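Numbering follows our numbering, in which position 53 of the sequence shown is assigned residue number 759; successive positions increment by one, without gaps. Virtual Cβ for every residue (Gly too), placed ideally from N, Cα, C. Here the structure is a predicted model, which means the values were calculated and not measured. Right, one structure below, let's go through it.
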Amino acid sequence: MSKIYHHPVQIYYEDTDHSGVVYHPNFLKYFERAREHVIDSDKLATLWQEKGLGFAVYKANLTFQDGVEFAEICDVRTSYQFEGKYKTLWRQELWRPNASKPAVIGDIEMVCLDKQKRLQPIPDEILAPLSIG
Numbered sequence: 707m708s709k710i711y712h713h714p715v716q717i718y719y720e721d722t723d724h725s726g727v728v729y730h731p732n733f734l735k736y737f738e739r740a741r742e743h744v745i746d747s748d749k750l751a752t753l754w755q756e757k758g759l760g761f762a763v764y765k766a767n768l769t770f771q772d773g774v775e776f777a778e779i780c781d782v783r784t785s786y787q788f789e790g791k792y793k794t795l796w797r798q799e800l801w802r803p804n805a806s807k808p809a810v811i812g813d814i815e816m817v818c819l820d821k822q823k824r825l826q827p828i829p830d831e832i833l834a835p836l837s838i839g
């Protein structure tokens, strides 16, 4: 696995259900934002605009270990590895302040696709910078 990248996430009232706890699908949004910061949003936009290539979640497995509440500032810890030339595996954990274990663990598999949704090799402009991470 790569080094661990950190991304802060502020929990807003709009992220929560009636009890003040984060509504479970929102963790996928937090993890997506953290991955985008690792890869670089400008690189992703250029890749899509110039080569018609992007990434899609192929599989997601979430494990919920603790509730996350309104007004907390949490840390999404992200690491990844390559599996073949088409797929990346991402391990993401959302940690509450001062916690001894992650509140949510996400194991995400992503593939590279073209605009026709055909599997494509991960391009060098993404592969090279991530390979040194």
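query: Which stretch, first to last residue, makes up the beta strand (DSSP E) that contains Tyr792?
result: Here Tyr792 belongs to no beta strand (DSSP E), and DSSP marks it neither H nor E.
Identified DSSP bridge partners for Tyr786: Trp796
Checklist entry - Which residue's Cα is closest to the Cα of Glu756: Arg824, Ala740 and Glu831? => result Glu831
Check your understanding: If you pair each beta-carbon of the region 709–720 with each one of the region 773–782, do three or more pairs fall below 8 angstroms?
Key -> The answer is yes - the region 773–782 touches the region 709–720, with three or more Cβ pairs under 8 angstroms.
**Beta carbon of Leu753 nearer than 8 angstroms to that of Asp820** = no
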